[in-house]
Amino acid sequence: MIDAALLMATSDVVIGLVVAVPVALVAGGIALVTRGRGRAGDTGGGSDGTSPGGRSGTTAVADRASATAATRTAEPSAPTVPTGAGAHPTEGSPTEAAPVDATPTPAPTPEPEAEPASYRGRLGKARGLLSGYVGAIRARGKIDGGTWDELEEALIRADVGVGATDALLDDLRARVKSGEIAGPDALVDALKADLVDMLASDASGLATVGATRPPAGPDGVERTVDVWLFVGVNGVGKTTTVGKVATRLSRDGTTVLLAAGDTFRAAAGEQLALWAERSGADIVRGSEGGDPSSVVFDAVQRASSKGVPLVLADTAGRLHNKVNLIEELKKIRRVSDRPPGHVAEVLLVLDATTGQNGLAQAKVFLEAVDVSGVVLTKLDGTAKGGIVVAIQRELGLPVKLVGLGEGADDLIDFDPEAFVDALF
Ligand code: GDP
Numbered sequence: 001m002i003d004a005a006l007l008m009a010t011s012d013v014v015i016g017l018v019v020a021v022p023v024a025l026v027a028g029g030i031a032l033v034t035r036g037r038g039r040a041g042d043t044g045g046g047s048d049g050t051s052p053g054g055r056s057g058t059t060a061v062a063d064r065a066s067a068t069a070a071t072r073t074a075e076p077s078a079p080t081v082p083t084g085a086g087a088h089p090t091e092g093s094p095t096e097a098a099p100v101d102a103t104p105t106p107a108p109t110p111e112p113e114a115e116p117a118s119y120r121g122r123l124g125k126a127r128g129l130l131s132g133y134v135g136a137i138r139a140r141g142k143i144d145g146g147t148w149d150e151l152e153e154a155l156i157r158a159d160v161g162v163g164a165t166d167a168l169l170d171d172l173r174a175r176v177k178s179g180e181i182a183g184p185d186a187l188v189d190a191l192k193a194d195l196v197d198m199l200a201s202d203a204s205g206l207a208t209v210g211a212t213r214p215p216a217g218p219d220g221v222e223r224t225v226d227v228w229l230f231v232g233v234n235g236v237g238k239t240t241t242v243g244k245v246a247t248r249l250s251r252d253g254t255t256v257l258l259a260a261g262d263t264f265r266a267a268a269g270e271q272l273a274l275w276a277e278r279s280g281a282d283i284v285r286g287s288e289g290g291d292p293s294s295v296v297f298d299a300v301q302r303a304s305s306k307g308v309p310l311v312l313a314d315t316a317g318r319l320h321n322k323v324n325l326i327e328e329l330k331k332i333r334r335v336s337d338r339p340p341g342h343v344a345e346v347l348l349v350l351d352a353t354t355g356q357n358g359l360a361q362a363k364v365f366l367e368a369v370d371v372s373g374v375v376l377t378k379l380d381g382t383a384k385g386g387i388v389v390a391i392q393r394e395l396g397l398p399v400k401l402v403g404l405g406e407g408a409d410d411l412i413d414f415d416p417e418a419f420v421d422a423l424f
């Protein structure tokens with residue numbers, strides 16, 4: 001349980017309700033691949049993680065360096081108009097939308113092909129940690145007490161979590177005892193297979209745009225706009241993720257509208273406006289410190305009037321205490337789900353570099369909204385790759401998307417087998 005003091009201490013508690021559904025992401029879903037026992041020979045070494053070659057769910061890659069620099073430094077050039085400055089509506093009586101006057105433009109021409117983000121190419125730190133242990137386990141030549149110590153230390157240090165580590169070790173010990181697993185190589189293979197099974201059991205893809213809308217409400221208003229809400233602590237990468245998803249969807253021909261609901265952080269609106277400009281998406285922004293619910297409400301209204309099927313909502317909740325945070329999240333969700341809107345995804349964005357601490361923070365958001373899946377960012381910058389296992393086991397949530405860098409294309413669908421393969 002997180003208390004107010006902790007929320008204040010993290011100082012950057014932000015609610016990010018991201019509601020975004022790229023058709024391609026959705027249509028493609030998450031590729032589930034049967035586990036690959038018997039491929040241990042491929043996995044012994046562990047490179048520095050710079051070589052491409054892993055599976056990738058991405059399309060063409062934009063210029064990451066320029067995208068990142070622009071995100072951080074450039075002034076937004078898209079015209080922006082605050083929504084109802086100083087007059088944010090209360091729930092149930094939203095004010096007239098005052099969206100950014102930016103007519104949707106066609107998706108930009110894809111930039112030249114570059115190296116796509118891949119697990120193998122970006123998980124160098126995590127692989128560096130695990131491959132050291134795996135090498136030591138193989139080098140022992142037999143399974144003994146030291147083997148189990150190495151294995152346990154590796155999993156804990158990779159942030160798999162105590163519960164999942166115990167479950168994995170119990171299973172492996174029993175299979176060694178029964179004679180099913182003989183020798184270190186078979187043990188490593190079995191561990192990989194167990195990890196894939198654990199991750200695949202909860203895997204699920206993103207909702208298909210328009211496929212989950214319930215019938216019209218009692219007042220007969222049809223639901224014509226899906227909303228993807230992005231929630232999470234400030235700094236985890238919500239705004240960036242919204243931008244990446246918008247880019248993918250736009251490239252795939254799906255028109256999206258962005259809702260800059262992070263009204264607590266002035267830079268967030270500007271950051272999102274840049275992503276909107278880059279992806280050719282329309283955007284609705286609010287005034288600094290304004291009501292995030294009203295921004296999302298306005299965005300849904302605007303999307304409905306323009307025939308845009310999906311709103312991706314970046315919402316902020318750096319509130320003064322946990323109660324405020326939860327109440328604000330609940331309100332945003334209610335407002336988003338009012339016809340013509342329909343909340344199709346609530347994606348909890350977690351920063352992999354925070355490991356188990358991130359899980360504790362996440363529980364605040366689970367109390368507030370029905371989270372449908374996790375976007376795990378910054379996996380490129382941490383050795384704690386095992387946090388994926390802990391998330392699925394401890395939060396009971398599928399990891400749907402993974403961030404592997406700051407660029408527009410550094411977001412890929414979660415693929416359990418490719419992920420585990422890259423980890424080793
Ligand atoms: P927000 O406060 O949750 O909206 O977080 P931002 O979207 O502003 O991101 C915070 C920082 O994390 C920015 O510098 C992003 O470029 C960076 N970031 C976001 N996603 C990733 C990722 O997958 N990998 C890396 N290395 N950095 C990321």
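Residue numbers (the working numbering): 1 to 424. The beta-carbon is built from N, C-alpha and C at its ideal position, and this holds for glycine as well.
Closest residue to residue i among the options (Cα-Cα distance)
i: Ser201; options: Glu417, Lys378 and Phe424; result: Glu417
i: Thr354; options: Leu376, Ile326, Arg127 and Ser372; result: Leu376
i: Gly235; options: Ser250, Ala313 and Ala267; result: Ala267
i: Ile326; options: Thr147, Ala203, Arg248 and Val364; result: Val364
i: Glu367; options: Thr240, Thr165, Val323 and Arg122; result: Val323
i: Leu411; options: Arg265, Arg248 and Gln356; result: Arg248
i: Ala174; options: Val296, Val160 and Leu191; result: Leu191
i: Thr240; options: Glu270, Thr254 and Thr255; result: Glu270
i: Ala211; options: Asp370, Pro309 and Val134; result: Pro309
i: Arg429; options: Gly128, Ala360, Val369 and Gln356; result: Past the boundaries of the shown model lies residue 429; the chain is included only from 1 to 424, so the question cannot be answered.
i: Thr224; options: Asp170, Ser372, Ser336 and Thr147; result: Ser336
i: Leu397; options: Leu123, Gly146, Ser279 and Leu199; result: Leu199
i: Leu359; options: Gly386, Val343 and Pro214; result: Gly386
i: Arg138; options: Asp185, Asp197 and Lys177; result: Asp185
i: Gly426; options: Gln301, Asp252, Arg213 and Gly407; result: Lying outside 1 to 424, the shown extent of the chain, residue 426 is not represented and no answer is given.
i: Thr165; options: Gly179, Trp148 and Glu328; result: Trp148
i: Asp415; options: Gly183, Asp197 and Pro215; result: Asp197
i: Arg302; options: Val256, Val371, Val160 and Asp189; result: Val256
i: Asp189; options: Val134, Gly407 and Ala203; result: Val134
i: Arg278; options: Gly128, Gly407 and Val371; result: Gly407
Check whether residue i and residue j have beta carbons under 8 Å apart
i: Ser293; j: Ile332; result: yes
i: Lys125; j: Gly381; result: yes
i: Ala352; j: Lys384; result: yes
i: Val209; j: Pro339; result: no
i: Gly307; j: Val227; result: no
i: Ala273; j: Asp282; result: no
i: Ala299; j: Ala313; result: yes
i: Ile143; j: Leu195; result: no
i: Phe264; j: Gly237; result: no
i: Glu394; j: Gly163; result: yes
i: Ala136; j: Glu152; result: no
i: Ala167; j: Leu130; result: no
i: Phe419; j: Tyr119; result: yes
i: Val295; j: Arg285; result: yes
i: Ile181; j: Leu169; result: no
i: Leu379; j: Leu155; result: no
i: Asp409; j: Ala117; result: yes
i: Arg140; j: Gly146; result: yes
i: Ala344; j: Ala193; result: no
i: Gln361; j: Gly161; result: no
Residue i CB to nearest heavy atom of the ligand COA below 7 Å
i: Leu404; result: Of the ligands this structure carries, namely the ligand GDP, none is the ligand COA.
Under 8 Å, with one C-beta from each stretch per pair, do the region 348 to 363 and the region 225 to 242 reach the 3-pair mark? yes
Touching by the beta-carbon criterion (3+ pairs, under 8 Å), the region 240 to 251 and the region 399 to 406: yes
Every unbroken alpha helix (DSSP H) inside the region 346 to 407 [4 residues or more]: Whole alpha helix (DSSP H) segments, 4+ residues: 355 to 368 and 387 to 390.
Residue ranges of each alpha helix (DSSP H) within the region 315 to 343, 4 or longer: Taking only runs of at least 4 residues, the alpha helix (DSSP H) segments lying wholly in the region 315 to 343 are 322 to 336.
Which residue spans inside the region 245 to 316 form an unbroken beta strand (DSSP E) run of at least 3? 256 to 261, 282 to 285 and 310 to 315
Measuring CB atoms only, is the region 256 to 268 touching the region 378 to 396, in the sense that at least three cross pairs come out at less than 8 Å? The region 256 to 268 is not in contact with the region 378 to 396.
Would you mind listing the alpha helix (DSSP H) stretches within the region 182 to 249 that are 4+ residues and don't spill past its ends, in chain order? Qualifying alpha helix (DSSP H) stretches, in chain order: 184 to 201.
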